[in-house]
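> Attaching a single structure in structure tokens format; questions to follow.
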Amino acid sequence: MPAEVDRNQVQKLVEGGAQLVEVLPADEYEDHLPGAIGLPLRRLETEAVHVLDRTRPVIVYCWDAA
Amino acid sequence: MSPRAAWRLESLGFAQVYDYVAGKLDWMAAGLRTEGTNAAHPRAGDVSRKDVPTALLDERLGDVRERVRATGWDSVVAINNERVVLGLLRSKELDKDPELSIEQAMRSGPSTFRPYVAIKEMAEYLTKHMLESSPVTTSDGRLVGLLLQKDAVRVSGESDKQ
Chain A
1 MPAEVDRNQV
11 QKLVEGGAQL
21 VEVLPADEYE
31 DHLPGAIGLP
41 LRRLETEAVH
51 VLDRTRPVIV
61 YCWDAA
Chain B
1001 MSPRAAWRLE
1011 SLGFAQVYDY
1021 VAGKLDWMAA
1031 GLRTEGTNAA
1041 HPRAGDVSRK
1051 DVPTALLDER
1061 LGDVRERVRA
1071 TGWDSVVAIN
1081 NERVVLGLLR
1091 SKELDKDPEL
1101 SIEQAMRSGP
1111 STFRPYVAIK
1121 EMAEYLTKHM
1131 LESSPVTTSD
1141 GRLVGLLLQK
1151 DAVRVSGESD
1161 KQ
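Quick look at the structure:
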């Protein structure tokens, strides 16, 4: 089950080597968190295994909880 | 959207998946840096003055006024020990009876803005509502800085020229 994390935990996880992934539509990526990869939800299924490392933690985010 | 993505990644064999539920809005509201083509556009948090004087509710107005004006400022943000914004004192409030406490003299509950608001939007709002300044806070109410109308208008104009 994916764990929910807050801002401080995100920073610590990224410092520890986690991959940060923005899953919003591509045009939203024009303003993203530092180091984040843009991988829209609808492309996740086909591209995730090619662009992400399964052995490292992955953090996903969109705009907010809504 | 991110919960679905997190669950999908798990089903694709990713063992350590985390969901930053509060997302990009939370990040920007905290005044943290972003990257990308749009990140270069100034926002309220970038332009706000971080050196704005602050005062606690139980301080004496006369003492605060002296301290503040000695540094060239004419505004003070009233905060608590957690740096949560509780009030604002502009020139008019600073000129009240020096024996009042900050709590008695301040304008309570001033409008505040998040750091991610575009500076152009801020310049228009502050001008339209004739506000000389407005505090910029994180989503949990903590002070980031004070945005002056003159700064917002200047930076917005410079941004338009680029």
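From first to last, the protein sequence lines stand for chains A and B.
Per our numbering, the very first residue in the first sequence carries number 1; after that it's consecutive.
Per our numbering, the very first residue in the second sequence carries number 1001; after that it's consecutive.
The C-beta atom is built at its ideal place from N, Cα and C for all residues, glycine as well.
Go through its chain and collect everything with a Cβ distance to A:D75's Cβ below 8 angstroms, but skip five positions before and after it.
There is no way to answer for residue 75 of chain A, as the model of chain A reaches only from 1 to 66.
> Which chain A residues sit within Cβ distance under 7 angstroms of B:R1114?
Correct list: empty, because the minimum Cβ distance to chain A is about 12 angstroms.
> Helix, strand or coil for B:T1037, going by three-state DSSP, please let me know.
DSSP places B:T1037 in coil when its eight states are reduced to three.
> With DSSP as the reference, please indicate the residues paired to B:S1101 in a beta bridge.
According to DSSP, which records beta bridges pairwise, B:S1101 is partnered with B:R1060.
> Can you pull the chain B neighbours of A:E30, defined as C-beta to C-beta under 9 angstroms?
The contacting residues are G1036, T1037, N1038, A1039.
> Rounded to a whole number of angstroms, what is the C-alpha to C-alpha distance between B:E1082 and A:L13?
Near 26 angstroms, if we compare the C-alpha coordinates of A:L13 and B:E1082.
> Which one of A:R7, A:Q19, A:Q9, A:N8 has the shortest CA to CA distance from B:L1009?
Of A:R7, A:Q19, A:Q9, A:N8, the residue nearest in Cα terms is A:Q19.
> Which of the three DSSP states is assigned to A:H32 in this structure?
Residue state, collapsed to three classes: strand.
> Can B:P1098 and B:L1061 be called in contact, C-beta distance under 8 angstroms?
Yes, they are a contact pair.
> Please confirm if A:I37 has its CB atom under 8 angstroms from at least one CB of chain B.
No, no contact with chain B.
> Which ranges does the alpha helix (DSSP H) cover as unbroken runs of at least 4 residues, wholly within the stretch 1097-1161 of chain B, from first to last along the chain?
Within the stretch 1097-1161 of chain B, the complete alpha helix (DSSP H) runs of at least 4 residues are 1102-1105, 1119-1128, 1149-1161.
> Note down the Cα distance separating A:P40 from B:A1005, rounded to an integer number of angstroms.
So the alpha carbons of these two residues sit roughly 9 angstroms apart.
> Please identify, using Cβ separations under 7 angstroms, the residues of the stretch 1020-1032 of chain B that lie next to chain A, in order along the chain.
So the close ones are Y1020, V1021, A1022, G1023, K1024, L1025, D1026, W1027, A1030.
> Keeping to the same chain, check which residues put their C-beta closer than 7 angstroms to that of B:R1043; ignore five residues upstream and five downstream.
Here the set comprises P1115, Y1116, V1117, A1118, I1119.
> Determine, using beta carbons only, whether A:C62 and B:S1101 come nearer to each other than 8 angstroms.
Taking 8 angstroms as the Cβ cut-off, A:C62 and B:S1101 do not qualify as a contacting pair.
> Going by DSSP, name the residue or residues bridged to B:G1013.
In the DSSP output, where bridge partners are listed per residue, B:G1013 has none listed.
> Is it true that the CB of A:R7 sits closer than 8 angstroms to the CB of B:D1140?
No, Cβ-Cβ distance for B:D1140 and A:R7 is not below 8 angstroms.
> Taking DSSP's pairing of strands, which residues face A:Q19 in a bridge?
Paired residues: A:V58.
> Which residue from B:L1012, B:H1041, B:K1050, B:E1121 puts its Cα closest to that of A:T55?
Of B:L1012, B:H1041, B:K1050, B:E1121, the residue nearest in Cα terms is B:L1012.
> DSSP three-state call for A:V5: helix, strand or coil?
Here A:V5 sits in coil by DSSP.
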